[in-house]
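Novice: One structure follows; several queries about it will come next.
2 protein chains.
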Amino acid sequence: MSDRYEIRVAGSGGQGVILAAVIIGQAAALMEEGLNSVQTQAYGPEARGGASKSEVVLAHGEIDYPKAASPHLQVILTQKASDEYAADTQKGGVVILDDFFVQEDPKIDAEIYRLPIVKTARDVIGREIVTNMVALGTVARILEVEGHMKPESIRNTIIASVPKGTEELNCKAFDEGYRLMKEKK
Amino acid sequence: MSDRYEIRVAGSGGQGVILAAVIIGQAAALMEEGLNSVQTQAYGPEARGGASKSEVVLAHGEIDYPKAASPHLQVILTQKASDEYAADTQKGGVVILDDFFVQEDPKIDAEIYRLPIVKTARDVIGREIVTNMVALGTVARILEVEGHMKPESIRNTIIASVPKGTEELNCKAFDEGYRLMKEKK
Chain F
1 MSDRYEIRVA GSGGQGVILA AVIIGQAAAL MEEGLNSVQT QAYGPEARGG
51 ASKSEVVLAH GEIDYPKAAS PHLQVILTQK ASDEYAADTQ KGGVVILDDF
101 FVQEDPKIDA EIYRLPIVKT ARDVIGREIV TNMVALGTVA RILEVEGHMK
151 PESIRNTIIA SVPKGTEELN CKAFDEGYRL MKEKK
Chain P
1001 MSDRYEIRVA GSGGQGVILA AVIIGQAAAL MEEGLNSVQT QAYGPEARGG
1051 ASKSEVVLAH GEIDYPKAAS PHLQVILTQK ASDEYAADTQ KGGVVILDDF
1101 FVQEDPKIDA EIYRLPIVKT ARDVIGREIV TNMVALGTVA RILEVEGHMK
1151 PESIRNTIIA SVPKGTEELN CKAFDEGYRL MKEKK
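As given, the protein sequences belong to chains F and P, one line each in that order. At the far end of the first sequence sits residue 185, using the working numbering, and the numbering has no gaps. At the far end of the second sequence sits residue 1185, using the working numbering, and the numbering has no gaps.
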């Protein structure tokens, strides 16, 4: 990677975007040799309105500024979050949209992918609560293609992070998300 | 509060310090009128060694710099974390130490409290996994005494954040932590 790679996961309150970003940050720093990460969530007046975001910055060197001002990769799970945050995407970056909850494509200069993230959690896995794990699978594929991180680093961090007894369910959701993205890129 | 109040929770990997800080940040922004918060975890070479920290910055205005460079309040759950982080405490700030895992008091100009946080989780609640909720109870008491936040804001955020069916267990741990701190301040 260049010196800095910014990722943002955005959606609504119950979609687990914080845990998704925490897992990316831990995977990067604890499982990938030489990567540092800072993971942030900011709450303000806008958070009271419902769009919630969680960010991770990855770098080989020190990370002075921990916010993702212009993310190279965004996963956006609601229309409201798309309205609020899509325009920040780095020029030429990647935006992954939930194909059900985000109705309109943002008009931005980025690679845009519409994927059935929530639908896969709900209908394939049978538990909407694993939406964030499906999202992590899509992120893992992009990070693999771009040469930043191995999918196994994220998958193993999921296994270490989720409640005992739910590892299989969460990994299945992750694998489905990875597969969805791999069909496109 | 003055314009900015910094909190750090530090310990080892399995102690739930991230969730503790996430809950403080959510409680501040979503339940206290007019408070903003930014919550951060940084991972780097030092994290691979075992001391893990999670930070929250509270302010009435915008938060430009999201890290807690000089925390007004720290909860420190291991000796290693104390060695690494205690010295950063704001002059005259508050440091809460776990009385079992932190053997030595740091030599700093701060109010230092030694409390049986892990022991209470393990022996009173019967589940060491709620260590972070006991820690949150101690934080809630300090924030109440200093006039920054109501304990109910944190308690209600816990109820909204923990897995269904575990609310009572987690709240009991929170209440015990609050009580421990209230005996001292």
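Each residue gets a CB set at the ideal place from its N, CA and C atoms; glycine is no exception. Just so it is clear, the structure is predicted and the values come from calculations on it, not from any experiment.
1) Would you tell me roughly how many angstroms separate the C-alpha atoms of P/Tyr1085 and P/Phe1101, rounded to the nearest one?
2) Could you check whether the region 1098-1118 of chain P touches the region 1144-1153 of chain P, counting it as contact only if at least three pairs of C-beta atoms, one from each stretch, sit closer than 8 Å?
3) Establish whether the CB of F/Gly126 and some CB of chain P are separated by less than 8 Å.
4) Along chain F, in chain order, which residues have C-beta atoms closer than 9 Å to that of P/Pro1163?
5) Taking Cβ-Cβ distances below 8 Å as the criterion, which residues of the region 1075-1087 of chain P are in contact with chain F?
6) For chain F, check one thing: does any of its Cβ atoms lie closer than 8 Å to the Cβ of P/Gln1026?
7) Report the neighbours of P/Lys1184 on chain A: residues whose CB is nearer than 8 Å to its CB, in chain order.
8) Below 8 Å on C-beta distance, what does F/Val22 contact in chain P?
9) Are the beta-carbon atoms belonging to F/Leu19 and F/Ala28 less than 8 Å from one another?
10) Does F/Lys119 come within less than 8 Å of chain P when only Cβ atoms are used?
11) With DSSP as the reference, label P/Arg1008 as helix, strand or coil.
12) May I ask you to report which of helix, strand or coil DSSP gives P/Ile1024?
13) In whole angstroms, what separates the C-alpha of F/Gly11 from that of P/Arg1114?
14) Would you grab the beta carbon distance between F/Glu72 and F/Glu152 for me? Rounded to a whole angstrom, and I think it's under 8 Å.
15) On the three-state DSSP scale, how would you describe P/Ser1070?
16) Is the shortest distance between the beta-carbon of P/Pro1066 and the beta-carbons of chain F less than 8 Å?
17) Give me the DSSP bridge partner(s) of P/Arg1114.
18) If you follow the beta strand (DSSP E) that F/Lys80 is in, where does it begin and where does it stop?
19) Between the region 1172-1179 of chain P and the region 1054-1062 of chain P, are three or more C-beta pairs nearer than 8 Å?
20) Give me, in chain order, the residues of the same chain whose beta-carbon lies closer than 8 Å to that of P/Asn1132; leave out the 5 immediate sequence neighbours on both sides.
21) Beta-carbon within less than 7 Å of P/Asp1109's beta-carbon, same chain only, minus the 5 sequence neighbours each way: which residues are those?
22) Can you find the residues in the same chain that come closer than 6 Å, C-beta to C-beta, to P/Thr1078, ignoring five residues on each side of it along the sequence?
23) According to the Cβ coordinates, are P/Ala1135 and P/Glu1128 closer than 8 Å?
24) Looking only at C-alpha atoms, which of F/Lys119, F/Leu30, F/Ile96 sits nearest to F/Glu111?
25) Look at the Cβ atom of F/Leu30, then the Cβ atom of P/Tyr1043, and state whether they are nearer than 8 Å.
26) What three-state label does DSSP hand P/Tyr1178 in the structure shown?
27) With which residues is F/Gln41 paired in a DSSP beta bridge?
28) By the three-class DSSP mapping on this structure, what secondary structure does P/Glu1128 have?
29) Report the three-state DSSP secondary structure of F/Val139 (helix, strand or coil).
30) Just curious, the alpha helix (DSSP H) that F/Glu146 is in, first and last residue?
31) Measuring only the C-alpha atoms, how far is F/Tyr178 from F/Asp64?
32) Might you give, ordered along the chain, the residues of its own chain that have their beta carbon closer than 6 Å to the beta carbon of P/Asp1083, omitting 5 neighbours on each side?
Specialist: Looking at the atomic coordinates:
1) 15 Å
2) no
3) no
4) Pro163
5) none
6) yes
7) Protein chains F and P are contained in the structure displayed, whereas chain A is not.
8) Ile1018, Gln1041
9) no
10) no
11) strand
12) helix
13) 40 Å
14) First, the residue type needs correcting, since residue 72 of chain F is His and not Glu in the sequence shown. With a Cβ gap of about 21 Å, F/His72 and F/Glu152 do not count as contacting.
15) coil
16) yes
17) P/Leu1097
18) Where F/Lys80 is concerned, there is no enclosing beta strand (DSSP E), although the alpha helix (DSSP H) it sits in stretches over 79-85.
19) no
20) Val1009, Gln1015, Gly1016, Val1017, Leu1019, Ala1020
21) Lys1091, Gly1092
22) Gly1011, Ser1012, Phe1101
23) no
24) F/Ile96
25) yes
26) helix
27) P/Gln1039
28) helix
29) helix
30) From DSSP, F/Glu146 is part of no alpha helix (DSSP H); its letter is neither H nor E.
31) 31 Å
32) none
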